[in-house]
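**Student:**
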Amino acid sequence: MTSLQHGAPPSPPPGSEGGAGTRPPDPDRARARRSQMWTRLDIRTSPYLFITPFFLLFGVFGLFPLLYTVWVSLHDWSLIGGNEGFAGLDNYVRLVGDEKFWNALYNTLGIFAIAVVPQLLLALLLADTLNRRIRMANVFRMTLILPYITSIAALAIVFSVVFGGEQFGLINQVLSALGLDPVAWQAERYWSWTAIATMIDWRWTGYNALIYLAAMQSVPKDVYEAADLDGASRLRQFVQITVPLLRPTIIFTVIISTIGQMQLFTEPTIFGNNGYAGGSQGQFQTVMMLVFQETFDYQNFGYAAAVSWVLFLIVVVMGLINVWLTSRIKGAE
Amino acid sequence: MTATIIKEPTPPRASQNRRRPQRSRPGARLRRMRQATPLTYFALLLTFVLSVFPLWWMIVVATRTTSAASQFPPALLPGGNFFNNVERLFANNSANFLTGLMNSIIASTSVAVSVVFFCSLAGFALAKLQFKGRGFFTVAVVVTMAVPVQIGLVPLLILMDWLNWRGELQSVIVPFMVSGFGVFLMRQYVLQTIPDDLMEAARIDGCSTFRIYWSVVLPALRPAMVVLGLLTFMQTWNEFIWALAVLTPDNPTVQFSIQQLNESAYSRDFALMFTGATFATLPLLIIFFVFGRQLVGRIMEGAIKA
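Chains A and B, in that order, are what the protein sequence lines are. Numbered per this note's numbering, the first sequence spans residues 30 to 362. Numbered per this note's numbering, the second sequence spans residues 27 to 332.
1) Could you name the residues that DSSP lists as bridge partners for N112(A)?
2) If I follow the unbroken alpha helix (DSSP H) through P147(A), where does it start and stop?
3) Counting only Cβ pairs nearer than 9 Å, list the residues of chain B close to R357(A).
4) Let me confirm a value: G208(A) is counted as buried when at least 16 other C-beta atoms fall within 10 Å, else exposed. Which label applies?
5) CA-CA distance, M251(B) and F79(A)?
6) Go ahead and pull the three-state DSSP assignment for Q61(B).
7) W231(A) versus chain B: which residues are under 8 Å apart at the beta carbon?
8) Near M59(B), which residues of its chain fall below 7 Å by C-beta distance, leaving aside the five closest residues on each side in sequence?
9) Can you name the start and end residues of the alpha helix (DSSP H) that D222(B) belongs to?
10) For P82(A) and chain B, any beta-carbon pair shorter than 9 Å?
11) Residues in the same chain with beta-carbon distance under 8 Å from S241(B), minus the five sequence neighbours each way, listed in chain order, please.
12) So, V379(A) versus P181(B), is the Cβ gap smaller than 9 Å?
13) Tell me the DSSP secondary structure of L327(A) in three-state form.
14) Since Q148(A) contacts W220(A) with CB under 8 Å, what's their CB separation in whole angstroms?
15) The alpha helix (DSSP H) spanning I299(A) covers which residue range?
16) Alpha carbon to alpha carbon, how far is F98(B) from T63(B)?
17) Under 9 Å Cβ-Cβ, which residues of chain A neighbour I312(B)?
18) Is the beta carbon of A335(A) less than 9 Å from the beta carbon of Y97(A)?
19) Under a Cβ-count criterion, where at least 16 other Cβ atoms within 10 Å of its own Cβ denotes burial, should F315(B) be classed as buried or exposed?
20) Return no unless some Cβ of chain A is closer than 9 Å to the Cβ of Q156(B).
21) Give a yes or no on whether the minimum CB-CB distance between R55(B) and chain A is below 9 Å.
22) Against V187(A), what residues of chain B qualify as contacts under a CB-to-CB distance less than 9 Å, listed in chain order?
23) Count the CB pairs spanning the segment 273 to 289 of chain B and the segment 290 to 304 of chain A that are closer than 8 Å, and state whether there are at least three.
24) Measure the alpha-carbon distance for V139(B) versus L155(B) and round it to whole angstroms.
25) How many angstroms separate the CA atom of I288(A) from the CA atom of M203(B)?
26) Short of 7 Å in beta carbon distance, which residues of its chain neighbour N237(A), apart from the five on each side in sequence? Order them along the chain.
27) Verify whether the separation of the beta carbon atoms of V316(A) and T137(A) is less than 9 Å.
28) Looking only at DSSP bridge pairs, what is Y305(A) linked to?
29) What residues are listed by DSSP as bridge partners for R162(A)?
30) Against S130(B), what residues of chain A qualify as contacts under a CB-to-CB distance less than 7 Å, listed in chain order?
31) Cβ of S205(B) within 9 Å of Cβ of L175(A)?
32) Under 9 Å, Cβ to Cβ, is there at least one residue of chain A near S120(B)?
33) Could you tell me how far apart the beta carbons of S146(B) and L247(B) are, in whole angstroms, since I believe they sit closer than 8 Å?
34) List the whole-angstrom C-beta distance separating V187(A) from W263(B), where the pair is believed to meet the contact cut-off of C-beta under 8 Å.
35) When you compare each of W353(A), K129(A), D251(A) to E323(A) by their alpha carbons, which one comes out closest?
36) For V231(B), count neighbouring Cβ atoms within 10 angstroms of its own Cβ and tell me buried if that reaches 16, exposed if not.
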């Protein structure tokens, strides 16, 4: 690989139009030979030169850090002191007994669950709604991806004010206008999860709806026609035709959401506004926030790396479970 | 992660997808079934309001004073305090907002250009050039798309220390200069748009491989390049976690900068925070209004192949 890196893209690989050196003895033949050589070299090496930047950069900044995480996690490693010696599995032993880790994992999975289930259900219903003859279909489709396009941090700030803990938050004002008690959005664990899940769903529901809509449009219309002839109701058609036919797409969105939500960080961090602690009692500290806390507040790189690596394994396992479920469902059909 | 979601491009289909969802197929029954009811419009309108309100309210508060954020019923029309807020925003010491804005513009643009260039180069090679290991490298690219790189955060920080890049702008640029998603997207597009004959003709004319890429492939790739460039720009603009980890408050990106406002506003100056948030969203909104239809098309095309 190293022999390939110099000569990377900016400088074009030797072209055939080279060979400027016209020497006195038999210039034409020499040039022809030279250009043939260049062409052969070009054809042989260019493909590798072209893919080298990608694999080189991914290797250095993507793959290496991921693998090196394992190495760091086996050491005592601090921000200032650097590597302070081999620690074996100490970091992992600590992790297993660390209440904060289990708390963070519980929060991450909990927020994931209460975010993703309503999100995908709503997205399905929304897609079904849009899959009709409607006026201004394009406007409504654009609306769906508007939240997806906005800045996560900016909207997390806005939502944090909407869910303001004090009675001044917009939602609490609505609640008291309705004669209900204001909710302690930050202090109560499950309410804080709800607030964070709302931010996530606001962003992703429309996006997923658009994906479902595309899949629905590729379902042959005759299927519905036949069902209609049989007198099946709209609801029945939705449950018995649309959803089963969309299963691969649904599973795809579940996998993507899993990978994304396991690394949840921005929304709860901005919502909490108390560093990486995730609320006064860590009631909404996610695993990724714990990684940040260990890294920056306690400067414990080794332990942070161990937590990261376990998170990675959890993502992989959840992905595999999804794939396994998919193949089982397919097999059963 | 946004990038990985959009799966596979099918460029030539674009026109097909823009076609109305209901092909004018005869059959009154079908038409009846797919007809929208008032309930449909109610649901869509509700979705519209819920999607737009947070954004709209952000802009409204940004044009008013902080008290507008806790007003009930909520303020719905812009006020006249916007320029005052902007002035205070750029003068704010803890946010370094101007630096953040410039940094984000530089970083997002360079990452977008670089991703488009390197990914089209690699995508072209994987689609059209003959070489040993092509299949292997193609699969490798797909695998990299599934790797959650964020998880390598700690070693990446250590790496940045080794390079002395912590706090420097290149730390949020260089690690993102390529993307597996981009390579894959470009490969598919090249496969579908560049005929082999064209390549051979160029080769017979004595074009070098790079020349073929530059003068034959790149012009044909323009539509895909625009979409990849936009998506990459948006993603880099939006990047928060890594910027927070590797940069410092005196040299932030715009997202980091508004987080500084969020954290340091002891008096909870909502008007100031929302003005910052509006600026942090503005380029994305511009992209949305100019290219929204293309982005919708891309997401939907990707979904069909998924």
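For each residue, glycine too, the CB sits at the ideal point set by N, CA and C. No experiment lies behind these values; they were computed from the predicted model shown.
**Tutor:** Quick answer:
1) W106(A)
2) 128 to 159
3) None at all; the shortest Cβ gap to chain B is about 19 Å.
4) exposed
5) 17 Å
6) strand
7) L76, S77, P80
8) Reliability fails at M59(B), whose pLDDT of 48 lies under 50, so the model's placement of it is uncertain and no value is given.
9) 222 to 230
10) yes
11) A228, C233
12) Residue numbering for chain A in the displayed model covers 30 to 362; residue 379(A) lies beyond these limits and cannot be assessed.
13) Checking the displayed sequence, the identity of residue 327(A) turns out to be Tyr instead of Leu. Here Y327(A) sits in coil by DSSP.
14) Contact doesn't hold; Cβ gap of about 18 Å is too wide.
15) 295 to 301
16) 33 Å
17) Those do not exist, as I312(B) stays about 10 Å from chain A at its closest Cβ, beyond 9 Å.
18) no
19) exposed
20) yes
21) Caution is warranted here: a pLDDT of 44 is assigned to R55(B), below 50, making its placement in the model unreliable, and the coordinate value is therefore given only provisionally. It does; some Cβ of chain A falls within 9 Å.
22) P80, L81, W83, M84, V87, M299, F300, A303
23) yes
24) 23 Å
25) 22 Å
26) Q148, L149, A152, T282
27) yes
28) N303(A)
29) Q61(B)
30) By Cβ distance, chain A contributes nothing, its closest Cβ being about 10 Å from S130(B), past 7 Å.
31) no
32) no
33) 6 Å
34) About 17 Å separates the two Cβ atoms, so there is no contact after all.
35) K129(A)
36) Note on residue identity: the sequence assigns Asp, not Val, to residue 231(B). It counts as exposed.
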